[in-house]
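Colleague:
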Amino acid sequence: MSIIYSKNKFSEKNLNLIVSLKDYSNLGFAKEVKNLELFKGEKEEVFQSNEIKESSLIKTLFVGIGEGKCNEEIRKSLAKAVKLIKKDKTKDINVYLDFNKEDEELTKKVLVLFAEVFTMVTFKDTVSKTDVEEEKEFTAYVFTANEVNNGQEKLDYGVNIANGVNLAIKLVNAPPNDMYPEAFAKIAKETAKENGFEADVITYSKLQKMKAGLILAVGESSENKPCMVVMKYNGNGDAPYTALVGKGLTFDSGGYCLKSYPGIASMHTDMAGGAAMLGAITAIAKNKLKENVYAVVPLSENLIGETAVLPGAVATSLSGKTVEIANTDAEGRLILADALYYISQKEEVEKIFDMATLTGAAANAFGGICSAIVSNNDELYKQLEIGSIKSGEKIARMPLFDEYRDSLKSLKADYKNLGNIKGGGIMTAAAFLEKFVNEKAWVHVDIAGVAFSETEKTYTEPGATGYGVKLMYYMLTKEF
Ligand code: BES
Ligand code: ZN
Ligand code: ZN
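When the count follows my numbering, it moves up by one through the sequence shown with no breaks and lands on 746 for the last residue.
This is the structure we're talking about:
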C-alpha cells in the first residue's frame, strides 16, 4: 500500500474518489452531480457514478464530509468510501480533495485523516492462514484543489499513526503460543530500533533481583517467564516525561480461579493495553513529536499448575506493600501495580496513563462503545478528553470515591486484589492501581470492552481493534 501526493492537475483514472464538502462556493469537481441533486456532500454520503469513456469504465465515488469540522466525522465518511474501494478490483486510484482554494488548513488535515483511514481500512491481518488470496497492493495518488507544499509529509504523518494502530492489531491477534512475554519484548526492541526510540528489557532474573513480587507472583505459573519492557522517547529535551503503562498479559487463563470457555479462548488479547502503548510510542517517535514519553509493558502469562500462585497467597510488591491475592484472575492489576510503581519512582515522570483489558465490568458496562476512565487528576483527565475528541476513540469517566479505596482492605496484608463490596469492579480495580502511582497525576483506561470485537468495526476487520493507539497519540500532540 502506498499513498502518493501528486502535484499535477487531477486526471481521472478507472477508479476515482472525490472528497467534497457540503458547502462549496463553486461546487468543484462534483458540480454536475450536485446540480443534478444526486449528491450534496453531507457527511458519510457516498454517490457512485459510472461512465464509459473511450471504451473504458470510469468509476467515480463522491464522498461528502459535511462541514469538515469534526475529525471523526471526516474519518467515518472516508472509511465508507475506502471500504468500497477495497472491494473493487482496481489497484490504483486517484483521490481528489476538492475544497475551496483558500482552505489550506482543511486540506492538510484531510490529507492526514485520509492517509490514516486508507492505511487502516486496507490493512489485512492474515495471521496464520495458508490459503489466503493474494492481497491487492493499493496505490492512492492524492491530488488537492489547493496545492500544498508539504502534501507528502502530511500523508506520511497519517500513515505513521495508522501503522502504530496496525502494529497493535497484529500483536493482539497473534495466537498465545507465538505471542509470549519474550516474543513481545523482542518485537518491542526491534520496533524501537527501527523507529528511533529506546527499549530496555527488564528480564526475569532482574525482576527477581528488584523484588517485583507482584509480577513474579503472576508469572511464576509458566515456563515462559515474565519480563518488563521499558521504552523511552526523548523529543523535548529536559522537559518532564509522560509515562504510558500497558497491561501485557499474553495469556490470562485466570490461574486457579480458572476461566471457562468461551471467554478463555480470547484471553490472548489480554496484552492489548501493552500493544497499544507500543503502537503509540512507535507513532510518536516516527512522527517526531516534541514530547518526552516512556512506555512500559509488564509482560506475563497467567496459568494454572504446580508453580502457580494460590488464591489467598500474600505477595510483596515492588513498593514493599503486601498484597493478598484473593483472586488469581485479578492479575492485571498486580503486574500493573509493580510497573506503575517502577515508573512513578522516576523523578522526570510527571504524568502517568495506564491502559488495560482490566475488568469484565468495563466490557459489560458500555456494549463495546467506549473505554472506562478513572483518574486522580481532573486536569490530566481533560487532556485525555481532548485526545478522545480528536482521535474519535470514545471514553467515559467513572468516579473514584473513598469507599472504593476502602474496599481493598485485607485481614492479612496491606491490600487485597479484590474489592469487598458488591459490584463497582471498574472502580475497585482502579483504586487498587492508584495505590502504586506515588500520588502522581494518573489516568487509568480500562479497554476490556473495546480492544477486541467479534464483528467488523468502522476501520477494522473482526478481531483486535487497535483501540488506544490514536487516543494516546492525539492526547499527546498539539496538532488538530
Ligand atoms: N483480563 C480479564 C478482564 C477481561 C474480561 C478482559 C473480559 C476482556 C474481556 C481480567 O484479568 C479479569 O479476569 N478480571 C476479573 C477480575 C475479577 C476477578 C475481580 C473480572 O473482571 O472478572
Ligand atoms: Zn484475569
Ligand atoms: Zn487479565
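Even glycine gets a Cβ: it sits at the ideal position worked out from N, Cα and C.
Determine the DSSP secondary structure at Pro447, reduced to helix, strand or coil.
Modeller: Position 181 of the sequence shown, counted from the start, is the residue given in the question as residue 447. If DSSP states are grouped into helix, strand and coil, Pro447 belongs with the helices.
Colleague: Which residues does DSSP pair with Gly598 in a beta bridge?
Modeller: Along the sequence shown, one-based indexing puts residue 598 at 332. The partner list for Gly598 (beta bridge, DSSP) is empty, contrary to what the question assumes.
Colleague: Output yes if chain B places a C-beta closer than 8 Å to the C-beta of Lys617; else output no.
Modeller: Among the chains in the structure shown there is no chain B, since it carries only a single protein chain.
Colleague: CB of Gly598 to nearest heavy atom of ligand 3: below 7 Å?
Modeller: Locating residue 598 in the sequence shown gives position 332, where the first residue counts as 1. Yes - ligand 3 has a heavy atom lying nearer than 7 Å to the Cβ of Gly598.
Colleague: Is the stretch 417–425 close to the stretch 487–496, with three or more CB pairs under 8 Å?
Modeller: Because the criterion of three Cβ pairs below 8 Å is not met, the stretch 417–425 and the stretch 487–496 do not touch.
Colleague: If you draw a straight line from the alpha carbon of Val484 to that of Val703, how long is it in whole angstroms?
Modeller: If you number the sequence shown from 1, residue 484 lands on position 218. If you number the sequence shown from 1, residue 703 lands on position 437. Roughly 20 Å between the two C-alpha positions.
Colleague: Below 8 Å CB to CB, which residues in the same chain sit around Gln266 once its five sequence neighbours on both sides are set aside?
Modeller: Any property of residue 266 remains undetermined from this structure, which presents the chain solely from 267 to 746.
Colleague: Taking Phe384 as part of the alpha helix (DSSP H), name the residues at either end of that continuous run.
Modeller: Along the sequence shown, read from residue 1 onward, the residue named residue 384 stands at position 118. 370–387 is the extent of the alpha helix (DSSP H) around Phe384.
Colleague: Alpha carbon to alpha carbon, how far is Glu368 from Thr410? Give it in angstroms, no decimals.
Modeller: Counting from one through the sequence shown, the residue named residue 410 turns up at place 144. Counting from one through the sequence shown, the residue named residue 368 turns up at place 102. When rounded, the distance between both Cα atoms is 12 Å.
Colleague: By Cβ distance below 8 Å, which residues in the same chain neighbour Asp680 in space, the five residues on each side in sequence not counted?
Modeller: Locating residue 680 in the sequence shown gives position 414, where the first residue counts as 1. Excluding residues within five positions, the ones whose Cβ falls inside 8 Å are Lys587, Thr588, Val589.
Colleague: Whole angstroms are fine: how far does the CA of Gly512 sit from the CA of Leu421?
Modeller: The residue you call residue 421 lines up with position 155 of the sequence shown. The residue you call residue 512 lines up with position 246 of the sequence shown. Each residue's Cα considered, the two are about 28 Å apart.
Colleague: Spatial neighbours of Lys693 within its chain, please: CB distance less than 7 Å, with the 5 preceding and 5 following residues excluded, ordered by chain position.
Modeller: Position 427 of the sequence shown, counted from the start, is the residue given in the question as residue 693. Note that residue 693 is Met in the sequence shown, not Lys. Val640, Met664, Pro665, Leu666, Tyr670.
Colleague: Is any non-hydrogen atom of ligand 2 found closer than 7 Å to the C-beta of Asp595, if you look at the structure I gave you?
Modeller: Here residue 595 refers to the residue found at position 329 of the sequence shown. Yes, since a heavy atom of ligand 2 falls inside the 7 Å radius drawn around the Cβ of Asp595.
Colleague: Spatial neighbours of Glu614 within its chain, please: C-beta separation below 7 Å, excluding the five flanking residues on both sides.
Modeller: Position 348 of the sequence shown, counted from the start, is the residue given in the question as residue 614. For Glu614, where only same-chain residues beyond five positions count, the Cβ hits under 7 Å are Pro506, Tyr507.
Colleague: Answer yes or no: do Val408 and Phe380 have a C-beta to C-beta separation smaller than 8 Å?
Modeller: Within the sequence shown, residue 408 is the residue found at index 142, counting from 1. Within the sequence shown, residue 380 is the residue found at index 114, counting from 1. Yes, they are a contact pair.
Colleague: Going by C-alpha distance, which of Cys523, Lys556, Leu555 is nearest Gly571?
Modeller: Position 305 of the sequence shown, counted from the start, is the residue given in the question as residue 571. The candidate whose alpha carbon is nearest that of Gly571 is Cys523.
Colleague: Going by beta carbon distance, what residues of the same chain come within less than 7 Å of Val387, once the five residues before and after it are set aside?
Modeller: Counted from its first residue, the sequence shown places residue 387 at position 121. Contacts found: Ala345, Val348, Lys349, Lys352, Tyr725.
Colleague: Taking C-beta to C-beta, are Ala478 and Asp604 nearer than 8 Å?
Modeller: Locating residue 478 in the sequence shown gives position 212, where the first residue counts as 1. Locating residue 604 in the sequence shown gives position 338, where the first residue counts as 1. Taking 8 Å as the Cβ cut-off, Ala478 and Asp604 qualify as a contacting pair.
Colleague: Could you tell me whether any non-hydrogen atom of ligand 1 is closer than 7 Å to the CB of Leu565?
Modeller: On the sequence shown, position 299 is the one that residue 565 refers to. Not under cutoff, so the answer is no.
Colleague: Enumerate in chain order the residues of its own chain whose CB-to-CB distance from Val431 is below 7 Å, with the five nearest sequence positions on each side excluded.
Modeller: Translated into positions along the sequence shown, residue 431 becomes position 165. Around Val431: Met386, Gly545, Gly732, Val735, Lys736.
Colleague: Below 8 Å, how does it come out for the stretch 557–566 and the stretch 647–662: are there three or more Cβ pairs, yes or no?
Modeller: The stretch 557–566, when compared against the stretch 647–662, does not touch it at the 8 Å Cβ threshold.
Colleague: Using 10 angstroms around the beta-carbon of Phe698, count the other beta-carbons present and answer buried if the total reaches 16, otherwise exposed.
Modeller: Taking the sequence shown and counting its residues from 1, one reaches residue 698 at position 432. Phe698 comes out buried.
Colleague: Can you look up Gly626 in the DSSP assignment and give me helix, strand or coil?
Modeller: As a first step, residue 626 is located in the sequence shown; it is residue number 360 there, counting from the start. Gly626 falls in the helix class under three-state DSSP.
Colleague: With 16 other CB atoms within 10 Å as the buried threshold, where does Ile468 fall?
Modeller: Translated into the one-based positions of the sequence shown, residue 468 becomes position 202. By the neighbour-count rule (16 or more Cβ atoms within 10 Å), Ile468 is buried.
Colleague: Which residue marks the beginning of the alpha helix (DSSP H) containing Asn429, and which one marks its end?
Modeller: The residue you call residue 429 lines up with position 163 of the sequence shown. Counting along the chain, the alpha helix (DSSP H) containing Asn429 begins and ends at 417–439.
Colleague: Who are His710's beta bridge partners in DSSP?
Modeller: Within the sequence shown, the letter at position 444 stands for residue 710. Per DSSP, Asp620, Val640.
Colleague: Taking 6 Å as the limit between beta carbons, can you name the residues of its chain near Ala454, skipping five residues before and five after?
Modeller: In the sequence shown, the residue the question calls residue 454 occupies position 188. So the qualifying residues of the chain are Ala465, Val495, Leu544.
Colleague: If you measure from the CB of Ala627, is any heavy atom of ligand 1 nearer than 7 Å?
Modeller: As a working mapping, residue 627 is identified with position 361 in the sequence shown. Yes, the Cβ of Ala627 comes within 7 Å of a heavy atom of ligand 1.
Colleague: Using only alpha-carbon positions, find the residue among Phe718, Glu400, Arg341, Thr516 that is nearest to Lys355.
Modeller: Indexing the sequence shown from 1 puts residue 355 at position 89. Comparing Cα positions, the closest option is Glu400.
Colleague: Quick one: using the 10 Å Cβ neighbour count with 16 as the cut-off for buried, is Ala628 buried or exposed?
Modeller: By 1-based counting over the sequence shown, the position of residue 628 is 362. Counting Cβ neighbours within 10 Å, Ala628 comes out buried, since at least 16 surround it.
Colleague: What separation, rounded to the nearest whole angstrom, lies between the Cα atoms of Ala449 and Lys390?
Modeller: In the sequence shown, the residue the question calls residue 449 occupies position 183. In the sequence shown, the residue the question calls residue 390 occupies position 124. C-alpha separation (whole angstroms): 22 Å.
Colleague: Looking only at its own chain, which residues have a Cβ that is under 8 Å from the Cβ of Gly634, when we skip the five neighbours before and after it?
Modeller: Taking the sequence shown and counting its residues from 1, one reaches residue 634 at position 368. Excluding sequence neighbours, Gly634 sits near Gly715, Val716, Ser719.
Colleague: For Thr582, which beta-bridge partners are listed by DSSP?
Modeller: On the sequence shown, residue 582 is found 316 positions in, with the first residue counted as 1. In DSSP, Thr582 forms a bridge with Thr588.
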